[in-house]
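Number of protein chains: 2
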Amino acid sequence: MSQTLHIAKNLASRYPWVAKPFLVSAPMRVMSGPALAVAVSGAGGLGFIGPGLKTQDTLADLQEASSLISKSNLLSTAFSTISDSADRPLPIGIGFQLWNDDVEVAAKAVKEFKPCAAWLFAPRDGQKDLDSWSLEIRTASPQTQIWIQIGTLAEARELIRSSELPDVIVVQGAEAGGHGRARDSLGLMSLLPEVADAIEGTQIPLFAAGGIADGRGVAAALSLGASGAVMGTRFLAASEARISRGYQREVVRADDAAVSTVRTLLYNHLRGTFGWPEEYSPRTIINKSYLEQQEGVSFEELKKRHDESQKAGDHGWGPEGRLATYAGTSIGLIHEVKDAATIVRDVREGTAKRIAALGD
Amino acid sequence: MSQTLHIAKNLASRYPWVAKPFLVSAPMRVMSGPALAVAVSGAGGLGFIGPGLKTQDTLADLQEASSLISKSNLLSTAFSTISDSADRPLPIGIGFQLWNDDVEVAAKAVKEFKPCAAWLFAPRDGQKDLDSWSLEIRTASPQTQIWIQIGTLAEARELIRSSELPDVIVVQGAEAGGHGRARDSLGLMSLLPEVADAIEGTQIPLFAAGGIADGRGVAAALSLGASGAVMGTRFLAASEARISRGYQREVVRADDAAVSTVRTLLYNHLRGTFGWPEEYSPRTIINKSYLEQQEGVSFEELKKRHDESQKAGDHGWGPEGRLATYAGTSIGLIHEVKDAATIVRDVREGTAKRIAALGD
Numbered sequence: 171m172s173q174t175l176h177i178a179k180n181l182a183s184r185y186p187w188v189a190k191p192f193l194v195s196a197p198m199r200v201m202s203g204p205a206l207a208v209a210v211s212g213a214g215g216l217g218f219i220g221p222g223l224k225t226q227d228t229l230a231d232l233q234e235a236s237s238l239i240s241k242s243n244l245l246s247t248a249f250s251t252i253s254d255s256a257d258r259p260l261p262i263g264i265g266f267q268l269w270n271d272d273v274e275v276a277a278k279a280v281k282e283f284k285p286c287a288a289w290l291f292a293p294r295d296g297q298k299d300l301d302s303w304s305l306e307i308r309t310a311s312p313q314t315q316i317w318i319q320i321g322t323l324a325e326a327r328e329l330i331r332s333s334e335l336p337d338v339i340v341v342q343g344a345e346a347g348g349h350g351r352a353r354d355s356l357g358l359m360s361l362l363p364e365v366a367d368a369i370e371g372t373q374i375p376l377f378a379a380g381g382i383a384d385g386r387g388v389a390a391a392l393s394l395g396a397s398g399a400v401m402g403t404r405f406l407a408a409s410e411a412r413i414s415r416g417y418q419r420e421v422v423r424a425d426d427a428a429v430s431t432v433r434t435l436l437y438n439h440l441r442g443t444f445g446w447p448e449e450y451s452p453r454t455i456i457n458k459s460y461l462e463q464q465e466g467v468s469f470e471e472l473k474k475r476h477d478e479s480q481k482a483g484d485h486g487w488g489p490e491g492r493l494a495t496y497a498g499t500s501i502g503l504i505h506e507v508k509d510a511a512t513i514v515r516d517v518r519e520g521t522a523k524r525i526a527a528l529g530d
Numbered sequence: 171m172s173q174t175l176h177i178a179k180n181l182a183s184r185y186p187w188v189a190k191p192f193l194v195s196a197p198m199r200v201m202s203g204p205a206l207a208v209a210v211s212g213a214g215g216l217g218f219i220g221p222g223l224k225t226q227d228t229l230a231d232l233q234e235a236s237s238l239i240s241k242s243n244l245l246s247t248a249f250s251t252i253s254d255s256a257d258r259p260l261p262i263g264i265g266f267q268l269w270n271d272d273v274e275v276a277a278k279a280v281k282e283f284k285p286c287a288a289w290l291f292a293p294r295d296g297q298k299d300l301d302s303w304s305l306e307i308r309t310a311s312p313q314t315q316i317w318i319q320i321g322t323l324a325e326a327r328e329l330i331r332s333s334e335l336p337d338v339i340v341v342q343g344a345e346a347g348g349h350g351r352a353r354d355s356l357g358l359m360s361l362l363p364e365v366a367d368a369i370e371g372t373q374i375p376l377f378a379a380g381g382i383a384d385g386r387g388v389a390a391a392l393s394l395g396a397s398g399a400v401m402g403t404r405f406l407a408a409s410e411a412r413i414s415r416g417y418q419r420e421v422v423r424a425d426d427a428a429v430s431t432v433r434t435l436l437y438n439h440l441r442g443t444f445g446w447p448e449e450y451s452p453r454t455i456i457n458k459s460y461l462e463q464q465e466g467v468s469f470e471e472l473k474k475r476h477d478e479s480q481k482a483g484d485h486g487w488g489p490e491g492r493l494a495t496y497a498g499t500s501i502g503l504i505h506e507v508k509d510a511a512t513i514v515r516d517v518r519e520g521t522a523k524r525i526a527a528l529g530d
């Protein structure tokens, strides 16, 4: 337990405003914007801004987050222990998709705004890219901690042999929505403890991601050896998410993810997104595009119908829709849109209740 | 919480010798024999005997378990609250594969030996078969509680609409070894809480199965809403398991289940097992038979090589082997063979430690 206590103490000193349990909103591309990240951090969690359509967008997002934070006084209270306000990092994180983001622009953004954490994901060239990004980000902003997301035991083993050790490892289970491991994913129930055993002794905290949407999942993640829990899909149904209403409505409506979601590259391709490293494939809620592909409709025809559907606005999502609806297996646990602070507080209270019940 | 307490109280009265947390050894076909089941129950868990090659074998297994139990005095201590010893059920359970087992022989066995629980799994005709089996077993032995294993939300919803409500629902996640849902399985992290919500108000306890091998997994299962945890693969590495040494050695050796296991019907077919309902497919550790199938070797040739491999005894398993090695995703958490009582005690202590740490 001394390792657990050491890790908890270290996290508390690096993220002093974060309450227990340590709750994180995932850096979902575009959808996790400044308003969501700041609201989550403001409620005692850690909010991440997701990658933008291009890395340059990250500068604008960090600028906006910075100004939201100044207005809210979150900056001074979050890092009040740092006497010189110029040295205080931003109490939000920023995410990068390594294969698609520009490291120089990223370093410039991080240097200018000093987010407290940078979340690195999906390198084109594995550990080599993770190492060079970690080095660039740390050089640009020593206050910025490096969070690295992995989805396999093999990645964990390689990561802890690196000279650029991350500050936090996020373990993404097969349950996760959006992009995750295409063929070698595994449920958190086994993956998390196996990774925990593999990195034992490194003192690096593990965060669990995938399939978690309430206090039950958070308590389970902590049981399995995580120091905190990351939620993505739950925050797609936050009022601050940068998401179309039709998409959000579908996240609330759908359930039974075993049959209503699938990992497929189809929607990437329909949206014109190509080039993801082949290790990854996104989980999405199934709609007409996928069903008709299964029936044998040609890509050209699906693309035509998809693009037509885009003009339908919010009606482009849902069982009769055709647009990408990336989401995780927790969709059946999400029944309403709430503001992010309420989500953080509800999950925090739910976790405490669950842990208290376990102790009885 | 009152529902949780009610369920816990009810379980304690039906299984009075079982300590907390409620740990169960799964009814693995043939491999969960009388010695394993009695050892688990003797250590304060609930041991299940698995289905036999044919239902008739169940009679012999129950006979043997009954005699082991008499010798150990477990019978009288387990159900000491029941004054007439003739009314005392056996403090072990028995499992049936509905599509393959004979309900009349099963009912006869249950009537003669009164196991405290019958675990029903894999009906050919869904809820209809579950209902008729439940009725037959209850008629044959009113002391025998009905445990039903499901793997999907849809099954849970159908189950609680039945007039033959089960006494316990076992929720099997995608992580499980051996036969589970072929195409619509889901990780326990999301599946268990979603099923818990779907059956809320029924007062039926949920048990979690799949990917659990130590106190971390058990604490996680309880967090997600389970009243107890079932372990299969962990007990394949029990000294009492009815398993070849080569198979057992492979369970201990293998890790990283995301890449070292797969769901495939190949090994069923190599063993001459046909006829499983199409909803199911077994998870197995990958060896040469599967790899060569992927390379395009014909079934006839694979079958020839497989049958040859059978003559190699314990060398038929392992990375160079060709024999079926059904196992779950927890293989990376299992590092040694222990006797069943030690497994039960270690997992119990591990769970208590983990829960205590959560409370800090």
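Here the protein sequences come in this chain order: A and B. Take any residue in the first sequence, note its place counting from 1, add 170, and you have its number in the working numbering. Take any residue in the second sequence, note its place counting from 1, add 170, and you have its number in the working numbering. C-beta atoms are modelled at their ideal positions from N, C-alpha and C, and glycine is treated no differently. All values derive from a computational prediction rather than experimental measurement.
- Of the candidates B:Pro186, B:Lys241, B:Pro261, B:Ala248, B:Pro261 places its Cα closest to the Cα of phenylalanine 218 of chain B.
- Spanning the alpha carbons of leucine 305 of chain B and glutamate 325 of chain B requires a straight line of approximately 18 Å.
- Where glycine 483 of chain A is concerned, there is no enclosing beta strand (DSSP E), because DSSP gives it neither an H nor an E.
- For valine 514 of chain B, there are no C-beta contacts with chain A under 7 Å, since the nearest C-beta of that chain is about 18 Å from it.
- Look at alanine 205 of chain A: its C-beta is not under 8 Å from any C-beta on chain B.
- Look at tyrosine 496 of chain A here: in three-state DSSP terms it is strand.
- Residue range 296-310 is occupied by the alpha helix (DSSP H) that includes arginine 308 of chain B.
- Residue burial is scored here from C-beta neighbours: alanine 510 of chain B has at least 16 other C-beta atoms within 10 angstroms and is therefore classed as buried.
- Following the DSSP letters along the chain, one finds proline 363 of chain A inside the alpha helix (DSSP H) bounded by residues 358-368.
- Every unbroken stretch of the beta strand (DSSP E) spanning 3 or more residues and falling wholly within the stretch 365-415 of chain A is given here in chain order: 376-379, 398-401.
- Annotation for valine 517 of chain B: no beta strand (DSSP E) segment contains it, though the alpha helix (DSSP H) segment containing it runs 510-529.
- Judged by their CB atoms, alanine 310 of chain A and alanine 346 of chain A are not nearer to each other than the 8 Å cut-off.
- For isoleucine 525 of chain A, the residues of chain B that pass the 7 Å Cβ criterion are Leu528, Gly529, in the order they occur in the chain.
- Using a Cβ distance threshold of 8 Å, glycine 212 of chain B and leucine 181 of chain B do not count as a contacting pair.
- Of the residues B:Gly498, B:Gln373, B:Asp231, the one whose Cα lies closest to the Cα of valine 429 of chain B is B:Gly498.
- Counting the other Cβ atoms within 10 Å of the Cβ of glutamate 490 of chain A gives fewer than 16, which makes it exposed.
- Within the model, the alpha-carbon separation for valine 467 of chain B versus threonine 454 of chain A is close to 35 Å.
- Within chain A, the C-beta atoms nearer than 8 Å to that of alanine 324 of chain B come from Asp426, Val429, in chain order.
- Per DSSP, tyrosine 450 of chain B is one residue of the beta strand (DSSP E) stretching across 450-455.
- DSSP links proline 285 of chain A through a beta bridge to A:Leu260.
- Among the residues facing chain B, arginine 386 of chain A is included, as its CB has a counterpart in that chain under 8 Å away.
- Here the alpha carbon of leucine 290 of chain B sits roughly 13 Å from the alpha carbon of threonine 225 of chain B.
- With respect to the 8 Å criterion, proline 186 of chain B and glycine 398 of chain B are not classified as neighbours on the basis of their beta carbons.
- The beta carbons of serine 202 of chain B and glycine 220 of chain B sit closer together than 8 Å.
- Take glycine 265 of chain B, set aside five residues on each side of it, and the residues of its chain with a beta-carbon closer than 6 Å to its own are Pro197, Phe218, Gly220, Pro221, Trp289, in chain order.
- A residue is called buried when at least 16 other Cβ atoms come within 10 angstroms of its Cβ; lysine 284 of chain B meets this threshold and is buried.
- Scanning chain B for C-beta atoms nearer than 9 Å to the C-beta of isoleucine 382 of chain A yields Met359, Ser360, reported in chain order.
- Contact with chain A is found for aspartate 354 of chain B, since one of that chain's Cβ atoms lies less than 8 Å from the residue's Cβ.
- Taking the beta carbon of glycine 220 of chain A as reference, no residue of chain B falls within 7 Å; the closest one sits roughly 22 Å away.
- Around the C-beta of glutamate 470 of chain A, fewer than 16 other C-beta atoms lie within 10 Å, and the residue is accordingly described as exposed.
- About 28 Å separates the Cβ atoms of leucine 503 of chain A and glutamine 463 of chain A, ruling out a contact at the 8 Å cut-off.
- Against serine 393 of chain B, the close residues of chain A are Arg386, Ala389, Ala390, Ser393, Arg524, Leu528, in the order they occur along the chain (beta-carbon pairs closer than 7 Å).
- Nearest CB-CB separation between glutamate 506 of chain A and chain B: not below the 8 Å threshold.
- Closest by C-alpha distance to aspartate 272 of chain B, out of B:Thr247, B:Gly263, B:Ser302, is B:Ser302.
- With its beta carbon less than 8 Å from one in chain B, glycine 502 of chain A belongs to the interface.
- Beta-bridge analysis with DSSP links glycine 265 of chain B to B:Trp289.
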